[in-house]
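Accompanying notes for the structure given below.
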Amino acid sequence: MVDILAASNSRRTIDTLAESNGHHDPFAASNGDHESPKQLEITENELWLLSYYRESELAGSLLMGRLARETDDDDLRVRLTEHCAEEARHAWAWTETILKVGGMPKRVSETYQSRYHAAVGNPSNLLEVLALTQIFERRVVRHFRAHLSWPD
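Residue numbering for the sequence shown follows this note's numbering, beginning at 734 and increasing consecutively.
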């Protein structure tokens with residue numbers, strides 16, 4: 734499995750990562766001169782899983798940002814904004830990892846959050862959201878540790 738810590742310590746941009754992987758800029762005008770993408774170094778299932786992790790972090794960031802915008806509590810707004818930024822950095826680290834192994838993030842509709850909502854329903858107030866977030870954050874660390882021990 735790819736080392737997420739190595740990816741997260743890097744400060745390269747999407748352009749330099751995509752360029753080093755042979756991906757062209759999808760927003761640039763097409764001139765028909767495309768390089769071949771880097772060979773995918775992981776399985777499609779692993780790519781989906783990394784994309785799932787990425788999407789979940791991104792969903793968490795967006796949720797924390799929305800809560801930060803909506804709260805009337807100034808201290809909580811600061812803490813939620815910090816958490817939003819942290820989750821966005823995690824999403825970027827997963828993105829970097831995917832690019833480094835020759836992939837492009839897949840669009841996935843399932844996230845950690847969608848699984849929790851399916852199991853326990855929607856929280857009814859901010860306190861429930863914060864409690865679920867605390868539980869979730871502790872469980873995800875255990876999940877990643879367990880994932881490291883999965884056979885290849």
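Quick reminder that beta carbons are idealized off the backbone N, C-alpha and C, glycines included. Please read all numbers here as calculations on a predicted model, not as lab measurements.
Note on geometry: alpha-carbon atoms of SER857 and LEU863 lie some 11 angstroms from one another. Of all alpha-carbon atoms in ASP806, ALA801 and ARG822, the one lying nearest the alpha-carbon of THR814 is that of ALA801.
Taken through DSSP and simplified to helix, strand or coil, ARG878 comes out as helix. When only Cα atoms are considered, TRP781 and LEU809 end up about 34 angstroms apart. Judged by DSSP secondary structure, GLY836 falls outside any alpha helix (DSSP H); it is assigned neither H nor E. Of the candidates ASP805, ARG812 and LEU832, ARG812 places its Cα closest to the Cα of SER794. The closest CA to that of VAL874, considering only LEU796, GLU777 and TYR786, is found on TYR786.
For GLU843, no alpha helix (DSSP H) segment is defined, and its DSSP state is neither H nor E. Counting of Cβ neighbours within 10 angstroms places ALA879 among the exposed residues, the total staying below 16.
Residues of the same chain with a CB within less than 7 angstroms of the CB of MET797, apart from the 5 flanking positions on each side, are LEU813, HIS816, CYS817 and GLU820 in chain order.
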